[in-house]
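Number 198 in our numbering belongs to position 195 of the sequence shown; there are no gaps in the numbering. Report on one structure; see the data block that follows.
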Amino acid sequence: MVKLALFILTATFAFATSSNEPSVFDMMDRSQDDKLVYKPSQNKQPIINKNTDTNQKTKISPDELKNIVPTDEPDLNIPDSQIYDVISKKEAVLKATKVPKSAFVGEIFSVEILLDSQSDLDFEFETDIDDSNFKFLNKKDLEWVKQSDGKYIATLVLQAKSSATKSLKINVSLKRNDQEYQNASMNVFLPKFKEIRSKSDFNNIVADILEVKKFKTTKFDENSLIMIVELSGKNIDLASFYIEDKTILKQGVDTIVGSFASQSAYYFAVFKPNKRTLDFSYYNLSKSKFESFSLPVSIEDDEISTQIGLNPKQSEFSIYKNITLYSLSVIFFILTLIRRKVSYLITTAIFIALSVYTYNPFSKGILKANVSVKILPTERSTIFYTSIAKENIEILNERADYVKILFSDGKIGWVKKDDIIKN
Numbered sequence: 004m005v006k007l008a009l010f011i012l013t014a015t016f017a018f019a020t021s022s023n024e025p026s027v028f029d030m031m032d033r034s035q036d037d038k039l040v041y042k043p044s045q046n047k048q049p050i051i052n053k054n055t056d057t058n059q060k061t062k063i064s065p066d067e068l069k070n071i072v073p074t075d076e077p078d079l080n081i082p083d084s085q086i087y088d089v090i091s092k093k094e095a096v097l098k099a100t101k102v103p104k105s106a107f108v109g110e111i112f113s114v115e116i117l118l119d120s121q122s123d124l125d126f127e128f129e130t131d132i133d134d135s136n137f138k139f140l141n142k143k144d145l146e147w148v149k150q151s152d153g154k155y156i157a158t159l160v161l162q163a164k165s166s167a168t169k170s171l172k173i174n175v176s177l178k179r180n181d182q183e184y185q186n187a188s189m190n191v192f193l194p195k196f197k198e199i200r201s202k203s204d205f206n207n208i209v210a211d212i213l214e215v216k217k218f219k220t221t222k223f224d225e226n227s228l229i230m231i232v233e234l235s236g237k238n239i240d241l242a243s244f245y246i247e248d249k250t251i252l253k254q255g256v257d258t259i260v261g262s263f264a265s266q267s268a269y270y271f272a273v274f275k276p277n278k279r280t281l282d283f284s285y286y287n288l289s290k291s292k293f294e295s296f297s298l299p300v301s302i303e304d305d306e307i308s309t310q311i312g313l314n315p316k317q318s319e320f321s322i323y324k325n326i327t328l329y330s331l332s333v334i335f336f337i338l339t340l341i342r343r344k345v346s347y348l349i350t351t352a353i354f355i356a357l358s359v360y361t362y363n364p365f366s367k368g369i370l371k372a373n374v375s376v377k378i379l380p381t382e383r384s385t386i387f388y389t390s391i392a393k394e395n396i397e398i399l400n401e402r403a404d405y406v407k408i409l410f411s412d413g414k415i416g417w418v419k420k421d422d423i424i425k426n
């Protein structure tokens, strides 16, 4: 019986300690105000200390964290480029797709360049060419045209300066937001260039065709004449027009209009009055031979021409006109004295007024200092003189925004209306 009682007591104690029911000792330690309700289905909750400081600091600075425990995390002060993976850019590739088989020195030819950026992004391009042996004709107007799959095509318009030219070095910089994104360069191997056995009057033009539309010779100043020639051509660079002639004092090309495929311009040459003809030749690519021009020097009087006109005061027509008016004025004045008629008096007054007007039909003015005087009344015309100080001039004609003026030494040119102070 004693053994059975001890077994029952031991089993009861073990069951009590293993269950969730609080022990008698726990109950004795609790405050009388506490009420404990046992719910078998209720999950065990953590014991919360009511005396926890609610004002305790919860945020820890990185420096405090380092002092508490060592860490294997990255250094907080290293740059992002050392933390994140960098995606490498693919290299841009250049390729020459269209290169001529042959060309003459001075002939216009084109080279087509393909650029593969290997990217779908849009770019701004800067193209640099070693032009020591070339003239890069469309440098300002070069355009990279987008194709597909990040490819671009550009056409270079060039002129070889020497037959020794073997290759063309090109460098292209691809930019985004003014920052270089990619860069590519290559050497384009070119065909052999052929020299032209030029004539003595060769004007450095190699073209499919060159035409002289019209020409005019007038007095430039007291000691020289000027001839202006209107030109047009195809597959041509009229800016290259230059005649190796020691008798030509000054020459140039003005007002170039059109593309290299079809172009027009004005050529001018200043020379001494004893020159009889202006001779030049060019190489015709269509006919594979030289063609020559010989333009006679014949002074013309055309006061309303847009080109440089002869000084109207010094023309033979003006002299004869003035003599006629003076003579008629004298004759009708004598008739007025003899006949004493009002009609003769009125006629005499008219002829005298015309004589005074034709003697000086032009208004006077003052040219401002530092003004560029041009050959033609166009924006891109050649400047042949620049005033240093104010100068007295005569106004011969007006056309659009330009004024034709006569200097005291006989020079004639065109200036903007705003550059003249009228008396």
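A virtual CB, placed ideally from N, CA and C, is assigned to each residue, including glycine.
Start and end residues, beta strand (DSSP E) containing residue i
{"i": "S203", "result": "Neither: S203 is in no beta strand (DSSP E) and is coded neither H nor E."}
{"i": "I132", "result": "E127 to I132"}
{"i": "I239", "result": "Neither: I239 is in no beta strand (DSSP E) and is coded neither H nor E."}
{"i": "S170", "result": "S170 to R179"}
{"i": "Q1", "result": "Outside the displayed span of the chain (4 to 426) sits residue 1, for which this structure offers no information."}
{"i": "N368", "result": "At residue 368 the sequence reads Gly, which differs from the Asn that was named. First-last of the beta strand (DSSP E) with G368: S366 to L370."}
{"i": "V376", "result": "S375 to K377"}
{"i": "L2", "result": "Residue 2 cannot be examined here, being either before or after the span of the chain that is shown, 4 to 426."}
{"i": "A187", "result": "Q182 to F192"}
{"i": "T389", "result": "I386 to T389"}
{"i": "I246", "result": "Where I246 is concerned, there is no enclosing beta strand (DSSP E), given that its DSSP letter is neither H nor E."}
{"i": "K290", "result": "Taken as a continuous stretch (DSSP letters only), K290 belongs to no beta strand (DSSP E), as it is neither H nor E."}
{"i": "K138", "result": "F137 to F139"}
{"i": "I424", "result": "I423 to K425"}
Residue(s) in a DSSP beta bridge with residue i
{"i": "G428", "result": "Because the chain here runs from 4 to 426, residue 428 falls outside it and cannot be looked at."}
{"i": "D429", "result": "Missing from the structure shown is residue 429; the chain here goes from 4 to 426 and no further."}
{"i": "E115", "result": "K101 and T158"}
{"i": "G416", "result": "I408"}
{"i": "N400", "result": "K407"}
{"i": "L228", "result": "K222 and F274"}
{"i": "G255", "result": "F271"}
{"i": "A163", "result": "F137"}
{"i": "V209", "result": "Y286"}
{"i": "F107", "result": "K197"}
{"i": "I302", "result": "T220"}
CB-CB length for residue i against residue j, believed under 8 Å
{"i": "T389", "j": "V374", "result": "7 Å"}
{"i": "S366", "j": "K425", "result": "6 Å"}
{"i": "I239", "j": "F263", "result": "7 Å"}
{"i": "Y285", "j": "I231", "result": "Y285 to I231, Cβ: 18 Å. No contact."}
{"i": "T130", "j": "L145", "result": "6 Å"}
{"i": "A95", "j": "L159", "result": "A95 to L159, Cβ: 17 Å. No contact."}
{"i": "S170", "j": "L140", "result": "With a Cβ gap of about 18 Å, S170 and L140 do not count as contacting."}
{"i": "L97", "j": "V175", "result": "7 Å"}
{"i": "K407", "j": "L399", "result": "4 Å"}
{"i": "K149", "j": "S122", "result": "Incorrect: roughly 11 Å between the Cβ atoms, too far for contact."}
Buried or exposed (CB count within 10 angstroms, at least 16 for buried), residue i
{"i": "N186", "result": "exposed"}
{"i": "K222", "result": "buried"}
{"i": "N314", "result": "Confidence at N314 is low in this model, with a pLDDT of 46, below 50, so its placement is unreliable and the value that follows should be read with caution. Buried, by the Cβ-count rule."}
{"i": "E319", "result": "Residue placement at E319 is poorly supported in this model, since its pLDDT is 49, which falls under 50; the coordinates still yield a value, given next. E319 should be labelled exposed."}
{"i": "T351", "result": "buried"}
{"i": "E110", "result": "buried"}
{"i": "M30", "result": "Unreliable positioning characterises M30 in this predicted model, as indicated by a pLDDT of 47, which lies under 50. The coordinate reading is nonetheless provided below. So M30 ends up on the exposed side."}
{"i": "K377", "result": "buried"}
{"i": "V260", "result": "exposed"}
{"i": "N190", "result": "exposed"}
{"i": "S346", "result": "exposed"}
{"i": "K143", "result": "exposed"}
{"i": "Q162", "result": "buried"}
{"i": "F196", "result": "buried"}
{"i": "T220", "result": "buried"}
{"i": "N206", "result": "buried"}
{"i": "Q182", "result": "exposed"}
{"i": "L340", "result": "exposed"}
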